[in-house]
Amino acid sequence: MADGFPTPNPQLVSLLQGKLGSLVGKPSGYIETLPEEVKRRINGLKFIQTQHAKLEARFQEEILALEKKYLEQYKPLYDKRSKMVQGELEPSEEEVEAGKKIDGLEQPAIDDVKISEVVDGPVKGIPEFWLTALKNLYTISETITDRDEACLKHLIDIRMAYLEKPGFRLDFEFEENPFFTNRILTKTYYYQDEPGYGGDFVYDHAEGTSINWKEGKALNLVTETKKQKHKETKETRIVKTTVPAETFFQFFSPPIVPDTDDAAEEDEDLDERLEADYQMGEDIKEKLIPRAIDWYTGKALQYEETSKQNGKGGTNPPECKQQ
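Each step along the sequence shown adds one to the number in the working numbering, with nothing skipped, and position 124 is 124.
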């Protein structure tokens, strides 16, 4: 993510406090053995550290203000992108010619196969733009099922906005579709009011939209059919039960940290789910939205792989879905 905002550590400290509480804050005994004049200097350094922390906190606040400022300047570009994707605006000849030369090629490889050759009639905008981009972003693609794809074809835009307090909101806009009545699904990430150690913003929790599924279209549920034999009559009947199903749309129902440490300890996978949920939001905010066309074409995967090889982190890129 962008430097300084925020530290990706989703509430895991609170889950560990119960186990580590007996160790936290215990003096090593070394400081107590030092001469008084040295202890005095140590206390002086502690005060200096608090002054440094105040400056760091101000630094993070100014970074956030700068990000908000430039987001406003990005918005006209994002709006234009959205209109092109939806077929409400066509690029100018100058834009097309400049785009061809971006990678030093006369014509991008993506144009080798014309969508109009496999779709009857004229093509509006760029079909399945956001679905294709999401499938190339590793942290997201692994959550998208075959059932999800039919719904995500109706996704027409993804936007983000900063909150008044530290945090941000992701908006997923859908055209009218047979799956749910919502036009916009939102996911909001909140940060704690007080900065963490080092002045960074600390993740607190996330909230998502309640999806209004149309009858029989809920992707988070699946109907299982089982045969059941009566113990006495030996007659067999068919029993249908509805059970939860894996789906990308679980993204809008983020995991919640229980109020008690005991409940948190019982959920062994909670920390992993919290971290994965946070990372998905960060990747959409920091990678997908700013460079959506590169994720659509697969160009971004090359940079992800290069970053990994250079030891700068990054995810394991999946096979490119669009060439």
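Note that beta-carbon positions come from the ideal geometry of N, C-alpha and C, so glycine has one too.
query, result
"Test: Phe-47 CB closer than 9 Å to a CB of chain C", "The structure shown contains no chain C, having only a single protein chain."
"Start and end residues, beta strand (DSSP E) containing Pro-255", "No beta strand (DSSP E) contains Pro-255, which DSSP labels as neither H nor E."
"For Pro-195 and Gln-60, believed in contact at Cβ under 8 Å, the rounded distance", "6 Å"
"Alpha carbon of Ile-156 to alpha carbon of Thr-132, nearest angstrom", "12 Å"
"Per-residue DSSP class, three states only, for Arg-183", "coil"
"Where Phe-47 falls, given that 16 or more other Cβ within 10 Å makes a residue buried", "exposed"
"Distance between Leu-274 and Glu-268 (C-alpha atoms, nearest Å)", "11 Å"
"Under the three-state DSSP convention, the category Ile-110 falls into", "The predicted position of Ile-110 is uncertain, since its pLDDT is 46 and thus under 50; a value taken from the coordinates is nonetheless stated next. Helix."
"Residue interval of the alpha helix (DSSP H) (run including Ile-293)", "292-297"
"Where the beta strand (DSSP E) containing His-205 begins and where it ends", "203-208"
"Thr-223 versus Lys-101: straight-line alpha-carbon distance, rounded", "51 Å"
"For Val-123, the nearest candidate out of Arg-147, Gly-99, Lys-135 and Leu-89 (CA to CA)", "Leu-89"
"Cβ-based burial, Asp-112 [other Cβ within 10 Å; buried from 16]", "The predicted model places Asp-112 with a pLDDT of 41, which falls under 50 and marks its position as unreliable; any figure quoted below should be read in that light. Per the 10 Å Cβ criterion, exposed."
"DSSP three-state assignment for Gly-167, whether helix, strand or coil", "strand"
"Pairwise C-alpha distance: Phe-252 and Ile-126", "25 Å"
"Proximity below 9 Å, CB of Glu-128 to CB of Lys-153", "yes"
"Contact check, Asn-136 vs Ala-300, beta carbons under 9 Å", "yes"
"Sufficient close CB pairs (3 or more, under 8 Å) joining the region 228-246 to the region 207-217", "no"
"Backbone secondary structure at Val-123 - three-state DSSP", "coil"
"Coarse secondary structure for Asp-157, derived from DSSP in three states", "strand"
"C-alpha gap between Asn-250 and Glu-304, whole angstroms", "According to the sequence displayed, residue 250 carries Gln and not Asn. For Gln-250 and Glu-304, the distance between alpha carbons rounds to 25 Å."
"Residue from Asp-193, Tyr-203, Lys-287 and Asp-148 whose Cα sits closest to the Cα of Val-257", "Tyr-203"
"Ile-238 in three-state terms, based on DSSP", "strand"
"Inter-residue Cα distance where the pair is Pro-255 and Met-280", "13 Å"
"Cβ pair Tyr-191, Glu-67 closer than 9 Å", "no"
"N-terminal and C-terminal residue of the alpha helix (DSSP H) that Thr-50 is part of", "36-86"
"Within 9 Å, strictly: CB atoms of Leu-219 and Thr-145", "yes"
"Alpha carbon of Arg-237 to alpha carbon of Lys-231, nearest angstrom", "12 Å"
"Closest Cα partner of Pro-164 within the set Asp-271, Asp-171 and Tyr-189", "In the sequence as presented, Pro is not what sits at residue 164; that position holds Glu. Ranking the options by Cα distance to Glu-164, first place goes to Tyr-189."
"Bridge partner(s) assigned by DSSP for Leu-221", "Pro-244"
"Inter-residue spacing [alpha-carbon to alpha-carbon] between Glu-32 and Leu-45", "16 Å"
"Alpha helix (DSSP H) segment containing Phe-249, residue limits", "Neither: Phe-249 is in no alpha helix (DSSP H) and is coded neither H nor E."
"DSSP beta-bridge partners of Gln-228", "Arg-237"
"Same chain only: Cβ atoms within 7 Å of Asn-177, ignoring 5 sequence neighbours per side", "Cys-151 and His-154"
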